[in-house]
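These notes concern the structure reproduced below.
Number of protein chains: 2
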Amino acid sequence: MLKSNRRKFLASAFFLGIAGKIFGQDKQKPKADKTMIVHHVFFWLKNAGNEADRAKLLEGLRTLAAIKHVSKLQVGIPASTEKREVVDNSYDVSELMYFESLEAQAAYQKDPIHLKFVENYSHLWAKVVVYDMNVVS
Amino acid sequence: MLKSNRRKFLASAFFLGIAGKIFGQDKQKPKADKTMIVHHVFFWLKNAGNEADRAKLLEGLRTLAAIKHVSKLQVGIPASTEKREVVDNSYDVSELMYFESLEAQAAYQKDPIHLKFVENYSHLWAKVVVYDMNVVS
Chain E
25 MLKSNRRKFL ASAFFLGIAG KIFGQDKQKP KADKTMIVHH VFFWLKNAGN
75 EADRAKLLEG LRTLAAIKHV SKLQVGIPAS TEKREVVDNS YDVSELMYFE
125 SLEAQAAYQK DPIHLKFVEN YSHLWAKVVV YDMNVVS
Chain Y
25 MLKSNRRKFL ASAFFLGIAG KIFGQDKQKP KADKTMIVHH VFFWLKNAGN
75 EADRAKLLEG LRTLAAIKHV SKLQVGIPAS TEKREVVDNS YDVSELMYFE
125 SLEAQAAYQK DPIHLKFVEN YSHLWAKVVV YDMNVVS
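For the record, the sequence lines run as chains E and Y.
Each residue of the first sequence is one higher than the one before, counting from 25 in my numbering.
Each residue of the second sequence is one higher than the one before, counting from 25 in my numbering.
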């Protein structure tokens, strides 16, 4: 009975997203996987490879985590995986976001924090490529 | 006391990765975020937009979840987000993987299940673009 209660509590906590809020930056709710939108953005700096500009842009991207529509945010740089013809490691900074719906993604685009980010940091980049993926598994 | 035990159980389950195994396909361990490698692959089909070929490739990609080095796998298709100049929605299928280290990613490349996937499904695609991202937040 106790075991069953624990299981129920664990299940509830997890599905209500409490687990994600307790355990750090992972705000993703696993049950939403099937309708989830992945928004993956790649930035090429005007000063390609410039460490100070890269750090500045990463700092700016981190402010986007405060936007309520963003379920999860990860920022990164090219990984040192094997150089292969198919691998594009020419970008400087990348941002990976999860949204629970198309509506949340659309609302994010117009959120004041996002607009402020574009205003304050867009002078740093020369090129942006965005991939929006609808998770089907 | 009961509440405290529940919290401890929840914490243990989460950090041991049990929660991820119980609750579906999410095998990602949140505490590994800081050293995580995101491997995002975009496929353009030879028969662009062909639904049967798309379904077949998605089916093939799902077999990759069995590879032990893969912490998390999500497969998807272009989302119906707003068409903007920076958004590339020309691909047919996408695969997003998480690895806990560069070594895990390298081992994945040589895993027999991965090689079998390439053997059985590579005739479907005309172009592949890969982005490997080292998560820094």
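From the three backbone atoms N, C-alpha and C, an ideal C-beta is built for every residue, glycine too.
Please read all numbers here as calculations on a predicted model, not as lab measurements.
In this structure, His63 of chain Y lies near Asp156 of chain Y, with their beta-carbon atoms less than 8 Å apart.
The C-beta of Val94 of chain Y comes no closer than 8 Å to any C-beta of chain E. Taken through DSSP and simplified to helix, strand or coil, His138 of chain E comes out as helix.
Residue contact with chain E for Ile101 of chain Y: present (Cβ-Cβ distance below 8 Å to some residue of chain E). For Ala128 of chain E, no chain Y residue has a Cβ inside 8 Å of its Cβ, as the nearest lies near 11 Å away. The DSSP assignment places 96-102 as complete runs of the beta strand (DSSP E) inside the stretch 79-112 of chain Y, in order along the chain (cut-off: 3 residues). Remark: fewer than three beta-carbon pairs, one from each stretch, lie closer than 8 Å, so the stretch 105-122 of chain Y and the stretch 82-89 of chain E are not flagged as touching. Membership of His147 of chain Y in any beta strand (DSSP E) is not indicated, and neither H nor E is assigned to it by DSSP. Leaving aside the five residues that flank Gly73 of chain Y on each side, the residues in its chain whose CB is nearer than 8 Å to its CB run, in chain order, Asp116. The shortest CA-to-CA distance from Val152 of chain E to any of E:Glu75, E:Phe66 and E:Ile61 is the one to E:Phe66. Residues of chain E whose Cβ lies closer than 8 Å to the Cβ of Thr105 of chain Y are, in chain order, Ile61, His63, Leu126, Gln129, Ala130 and Asp156. Interface flag for Leu139 of chain Y against chain E is unset, since no Cβ pair is found closer than 8 Å. Separation of Ala89 of chain Y and Lys96 of chain Y (C-alpha to C-alpha, rounded to the nearest whole angstrom) is 7 Å. Annotation: Ser146 of chain E has no Cβ neighbours in chain Y at a cutoff of 9 Å; minimum Cβ distance is about 11 Å. Under the DSSP assignment, Val117 of chain E falls in the beta strand (DSSP E) whose first and last residues are Val117 to Phe123. Residue-level contact check: Val142 of chain E does not touch chain Y, since none of the beta carbons of chain Y fall below 8 Å from its beta carbon. If you ignore the 5 residues before and after Pro102 of chain Y, its C-beta comes within less than 7 Å of the C-beta of Asn113 and Tyr115, all in its own chain and listed in chain order. Residue nearest to Ala130 of chain E within the set Y:Ser161, Y:Arg108 and Y:Glu75 is Y:Arg108 (criterion: CA-CA distance). At least 8 Å separates the beta-carbon of Tyr145 of chain E from that of His93 of chain E. In this model, Ala150 of chain Y and Glu143 of chain Y are separated by some 14 Å (Cα to Cα). According to DSSP, residue pairing for Leu69 of chain Y in a beta bridge involves Y:Trp149. When 8 Å is used as the limit between beta carbons, Phe67 of chain E is near no residue of chain Y, the shortest such separation being about 10 Å.
The Cβ atoms of Ser161 of chain E and Val99 of chain Y sit closer than 8 Å to each other. Residue Y:His147 holds the alpha-carbon nearest to the alpha-carbon of Asn71 of chain Y among Y:Val111, Y:Ala128 and Y:His147. With a threshold of 8 Å between beta carbons, Asn74 of chain Y makes no contact with chain E.
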